[in-house]
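Participant: Taking full-length UniProt numbering, the leading residue of the sequence shown gets 11, the next gets one more, and so forth.
By construction, the Cβ of each residue, glycine as well, lies at the ideal position given by its N, Cα and C atoms.
The model shown is predicted, which means the values in this text are computed figures rather than measured ones.
This is the structure, below, for whatever I ask next.
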Amino acid sequence: ATGDSGLTVRDLVVGYGPVAALRGVSLRVPRGAVVAVLGGNGAGKSTLLRAISGTLRFHRGGIASGDVTFDGERISGVEPSGVVARGVVQVPEGRRIFARMTVEENLRAGALGVRDRGANARARERVLGLFPILAERSRQRAGLMSGGEQQMLAIGRALMAAPRLLLLDEPTLGLAPIMAARIAETIQEINAQGTSVLLVEQNVATALALASHAYVLEVGEVALSGAARDLAGDDEVRRRYLGIG
Ligand code: ATP
Numbered sequence: 011a012t013g014d015s016g017l018t019v020r021d022l023v024v025g026y027g028p029v030a031a032l033r034g035v036s037l038r039v040p041r042g043a044v045v046a047v048l049g050g051n052g053a054g055k056s057t058l059l060r061a062i063s064g065t066l067r068f069h070r071g072g073i074a075s076g077d078v079t080f081d082g083e084r085i086s087g088v089e090p091s092g093v094v095a096r097g098v099v100q101v102p103e104g105r106r107i108f109a110r111m112t113v114e115e116n117l118r119a120g121a122l123g124v125r126d127r128g129a130n131a132r133a134r135e136r137v138l139g140l141f142p143i144l145a146e147r148s149r150q151r152a153g154l155m156s157g158g159e160q161q162m163l164a165i166g167r168a169l170m171a172a173p174r175l176l177l178l179d180e181p182t183l184g185l186a187p188i189m190a191a192r193i194a195e196t197i198q199e200i201n202a203q204g205t206s207v208l209l210v211e212q213n214v215a216t217a218l219a220l221a222s223h224a225y226v227l228e229v230g231e232v233a234l235s236g237a238a239r240d241l242a243g244d245d246e247v248r249r250r251y252l253g254i255g
């Protein structure tokens, strides 16, 4: 059904042992959209992305109930490599590049599951087009690059798997404003190239500028959701999350 295209999260309940981190979260990322997830520390944003990408168990967490589908196919319960193969790729918080490996080796690691050489070459061309600096630095150790460059590499590595949906966890965290603005522009460009984006951001203004829809998480629940434009104009959102008013 066309209503099933994109990502659908239904009534997701996730715990870390006895700690409930998500208490029944539902959301949609329609095909082609940028959707933002906002919320304070510990609201459950990273947990949501881990539940979608299948990496929850590496954090000793698990889905208690609910499910996740992508383009109508169930991906909850699928192992992380299977989720990547189905077109959903996460860029984890804190970048998690392989610091001792070269830029080129990091990019190759992102393409490990891609068998098709043509697809591989196209993905590489796309990544180097978005981030020319990665071509210049290809033989440099990744850990020696600046934080912004490492974020570019982390996104580039994820794009090597040719995702249809990119999960971004705090991509501008800790970056200088000019670098954060460049990353934001790149997210827009990636989306314009046809990749959907689920964006977790602390920077509410940036997130609402990029996204068409946004969800606000509070202690594991969706407290508020709607069109980004409406949320940006909402007095309570402005006061509580934008520090305005
Ligand atoms: P932050 O911006 O601080 O990362 P967040 O919104 O991403 O916050 P989560 O990291 O998803 O929030 O955490 C949600 C809840 O789950 C918090 O109460 C947190 O303490 C708890 N939690 C997260 N990871 C684990 C873990 N590996 N083991 C136990 N509890 C965890």
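1) Where do the N-terminal and C-terminal ends of the alpha helix (DSSP H) with E228 fall, by residue?
2) When you compare only the Cα positions, how much space is there between L241 and V47?
3) Name the residue from A237, R33, V214 and L227 whose alpha carbon lies nearest to the alpha carbon of R248.
4) Restricting to Cα atoms, I'd like to know which of R250, V45 and D81 is closest to A237.
5) What does a CB cutoff of less than 6 angstroms around T12 pick up in its chain, not counting 5 residues either side in sequence?
6) What number of angstroms, rounded off, separates the C-alpha of A31 from the C-alpha of I62?
7) Considering just the uninterrupted stretch of the beta strand (DSSP E) at G72, what are its terminal residues?
8) What residue range does the beta strand (DSSP E) around D21 cover?
9) Verify the contact flag: A53, CB atom, against every heavy atom of the ligand ATP, threshold strictly below 7 angstroms.
10) Compare the Cα-Cα distances from R41 to each of R250, A217, P173 and G230 and report the closest residue.
11) Touching or not, the stretch 156-164 and the stretch 83-93, by the rule of three or more beta carbon pairs under 8 angstroms?
12) Thinking V35 and L22 are a contact (beta carbons under 8 angstroms), I'd like their distance in whole angstroms, please.
13) Q100 by DSSP, collapsed to three states: which one?
14) How would you call S156, buried or exposed, if buried means at least 16 neighbouring beta carbons within 10 angstroms?
Facilitator: Based on what the coordinates show:
1) Under the DSSP assignment, E228 falls outside any alpha helix (DSSP H), being part of the beta strand (DSSP E) whose first and last residues are H223 to E228.
2) Rounded to whole angstroms, L241 to V47 spans 12 angstroms at the Cα level.
3) Considering only A237, R33, V214 and L227, the residue with the shortest C-alpha distance to R248 is V214.
4) Closest in C-alpha terms to A237, from the list R250, V45 and D81, comes V45.
5) Note on T12: pLDDT 49, under 50, position unreliable in the model; no value is reported.
6) In this structure, the alpha-carbon of A31 lies about 14 angstroms from that of I62.
7) It spans G72 to F80 - the beta strand (DSSP E) in which G72 sits, taken as one unbroken run.
8) Counting along the chain, the beta strand (DSSP E) containing D21 begins and ends at L17 to Y26.
9) Checking the Cβ of A53 against the ligand ATP gives yes.
10) Comparing Cα-Cα distances from R41 to each of R250, A217, P173 and G230, the minimum goes to P173.
11) Taking 8 angstroms as the limit for Cβ pairs, the verdict is that the stretch 83-93 does not touch the stretch 156-164.
12) Their Cβ separation, rounded to whole angstroms, is 5 angstroms, which keeps V35 and L22 in contact under 8 angstroms.
13) Correct three-state label for Q100: strand.
14) Counting every other CB atom within 10 Å of its CB across the protein chains shown gives S156 a total below 16, marking it as exposed.
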